[in-house]
Amino acid sequence: MSLLDTFKEKAKANKKKIVLPEGNELRTLKGAVIAAQEGLAEPILLGDKAEIIALAEKEGLLLDGVTVVDIAGSEHLDDFAEFFYELRKHKGMTPEKAAQTVRNPLYFGNLMLMKGMADGLLAGADNTTGDVLRAALHTVKTKKGINTVSGAFVMILPEDTYGDNGVFIFGDCAVNPDPTAEQLADITISCAETKQSLIGGDSTVAMLSFSTKGSAAHPNVDKVTQALAMVKERRPDLMVDGELQLDAAVVQSVADKKAPGSEVAGKANVLVFPDLQSGNIGYKLVQRFANASAIGPILQGMAKPVNDLSRGCSVQDVVDMIAITALQCE
Ligand code: ACO
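End of the sequence shown sits at 345 in the numbering used here; the numbers just go up one at a time, nothing left out.
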């Protein structure tokens, strides 16, 4: 059974309500219908109800098991507007602006999460990453103990030589352009937790750099070692080491030379990149040149599961991410 199939079996065993704010978008609609048919989740589509029903009929899709919520006629608009105003008034939010903002499906969906009407949210087929993230950051915010939202990928290599039988968690590949040491520490802890919750087994976490254990001196290297010290203090239970070059992190013979005695070097299955440039480029290099599957970005650190699709996503991507979002729900 593939890892993705395992994720789907787990999602089926504990069906969650996943809200999809882009209900009028065809790939989203098709993905929701398939997810309902396969029993992966209870999808909730937001949008113009008449339009969604007409689109489903035109495409020959049955909406069995899919709930459609029409925001324009929702009985929750006033309550959501008042709640959102209270949440953001310290940031200059006005009652008028709040009433207008909650009609935006991204905000309406996140407020459904906060009100316990849905368990997780998936969007991004139509909206940019920034818009999807901002709506969630303005509402559900971060979970207790983590101040930084980040984006991880499950990377599945065609061979099992490296990582956890060829499986890695890479992060942050999606959100924080230039994290501080504190943010890098949050990202590292979130990546280790994502490995634990999605894949299981031991997490061996490498904090990557262009330097291994002081081989180079630079403020960028210092940032990684400062973040490592914070992680060790906050989570002494984690198997984490840095700063490590990629080869020292995953190749035992190189680790023996460059980082002797490290319990992580040579065995890493969680790779934490020092910034978004290296993280985003890094996962795409492995995906393209090593023919690896890249599942994600899986957003981590949010108080409720919220995930972002690529605007180039396929229907299958929507289905897969519905299952993963469901798995992240408590
Ligand atoms: N974690 C937690 N909170 C955050 C984060 C974060 N990473 N980033 C911003 N915030 C908070 C801010 O503090 C602010 O809080 P407040 O308003 O309550 O004070 C709130 O979120 C919104 O901040 P804004 O300033 O309005 O949003 P900003 O313009 O900083 O945008 C964003 C944040 C959207 C995450 C931005 O950093 C971004 O666009 N990142 C890059 C995303 C991207 O393009 N990724 C690459 C594509 S994805 C891919 O290829 C897989």
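We put the beta carbon where it would ideally sit given N, CA and C, even for glycine.
Buried/exposed call for residue i, threshold 16 Cβ in 10 Å
i      : result
Arg326 : exposed
Lys104 : exposed
Met317 : buried
Glu101 : exposed
Ser224 : buried
Met16  : exposed
Ala9   : Here the chain has residues from 16 to 345 only, and residue 9 is not among them.
Lys130 : exposed
Thr163 : buried
Ala150 : buried
Ser268 : exposed
Asn405 : With the chain represented from 16 up to 345, any question about residue 405 goes unanswered, as that position is not in the structure.
Leu199 : buried
Glu40  : buried
Leu300 : exposed
Gly46  : buried
Gly294 : buried
Residue i: CB within 7 angstroms of a non-hydrogen atom of ligand 1
i      : result
Val48  : no
Lys112 : no
Ala305 : no
Gly107 : no
Pro173 : no
Arg149 : yes
Leu314 : no
His153 : yes
Val164 : yes
Ala318 : no
Gly294 : no
Cys206 : no
Val190 : yes
Gly145 : yes
Thr240 : no
Rounded C-alpha distance that separates residue i from residue j
i      : j      : result
Phe304 : Leu172 : 11 angstroms
Gly181 : Ala244 : 28 angstroms
Val250 : Asp201 : Sequence check: residue 250 is Arg here, not Val. Roughly 11 angstroms between the two C-alpha positions.
Ala280 : Val255 : 9 angstroms
Lys272 : Lys210 : 27 angstroms
Thr203 : Ile49  : 34 angstroms
Ile59  : Thr227 : 48 angstroms
Val190 : Ala207 : 17 angstroms
Val334 : Tyr122 : 22 angstroms
His153 : Lys247 : 30 angstroms
Gly107 : Phe99  : 12 angstroms
Ala65  : Gly166 : 35 angstroms
Pro110 : Asp94  : 12 angstroms
Cys328 : Thr82  : 22 angstroms
Asp252 : Asp217 : 11 angstroms
Cβ of residue i within 8 angstroms of any chain B Cβ
i      : result
Gly276 : As a matter of chain content, chain B is missing from the structure shown, which is built from one protein chain.
Nearest candidate by alpha-carbon position, reference residue i, set the options
i      : options                        : result
Ala263 : Leu92, Ala244, Val220, Pro192  : Val220
Phe185 : Gly107, Pro289, Ala50          : Pro289
Ala196 : Lys238, Met222, Ile202, Gln211 : Lys238
Leu291 : Leu70, Gln115, Asp187, Ser226  : Asp187
Leu19  : Asp323, Ala274, Leu213, Phe98  : Leu213
Glu174 : Leu314, Thr116, Phe183         : Phe183
Phe22  : Val330, Gly311, Leu324, Glu111 : Gly311
Gln260 : Lys247, Glu248, Gly297         : Gly297
Lys32  : Ala307, Thr176, Ser165, Met132 : Met132
Gln331 : Ala140, Gly145, Arg149, Lys30  : Ala140
Val236 : Ala270, Pro275, Pro194         : Pro194
Asn284 : Gly178, Ile337, Gly257         : Gly178
Ala96  : Ile313, Ala114, Met129         : Ala114
Val265 : Leu286, Glu57, Glu24, Leu300   : Leu286
Gly229 : Ala274, Gly216, Gln267, Ser205 : Ala274
Ser205 : Glu90, Pro234, Asp85, Lys158   : Lys158
Lys282 : Ser89, Thr176, Ala47           : Thr176
Asn142 : Ile161, Pro234, Pro36          : Pro36
Other residues of its chain near residue i: CB distance less than 8 angstroms, five sequence neighbours each side excluded
i      : result
Lys27  : Glu53, Gly54, Leu55
Leu44  : Gly38, Leu60, Ile67, Leu70, Ala71, Glu74, Leu76
Glu278 : Thr219, Met254, Asp256
Neighbourhood of residue i by C-beta distance below 6 angstroms, restricted to the same chain and skipping five residues each side
i      : result
Leu78  : Ala71
Pro320 : Gly135, Thr340, Gln343, Cys344
Val34  : Ile59, Gly124, Met127, Ala133, Leu136
Thr2   : Examination of residue 2 is not possible in this model, given that the chain is present from 16 through 345 alone.
Pro192 : Leu291
Same chain only: Cβ atoms within 7 angstroms of residue i, ignoring 5 sequence neighbours per side
i      : result
Ile309 : A quick correction: the sequence has Ala, not Ile, at residue 309. Counting only Cβ-Cβ distances below 7 angstroms, and skipping sequence neighbours, we find Phe168, Met170, Tyr298, Gln302.
Ala241 : In the sequence as presented, Ala is not what sits at residue 241; that position holds Gln. Ala196, listed in sequence order.
Val147 : Leu121, Ala138, Gly139, Asp323
Thr116 : Phe99, Tyr122
Met336 : Leu137, Asn322, Leu324
Gly88  : none
Residue i Cβ short of 7 angstroms to ligand 2 heavy atom set
i      : result
Thr157 : In the structure shown, ligand 2 is absent; the only ligands present are ligand 1.
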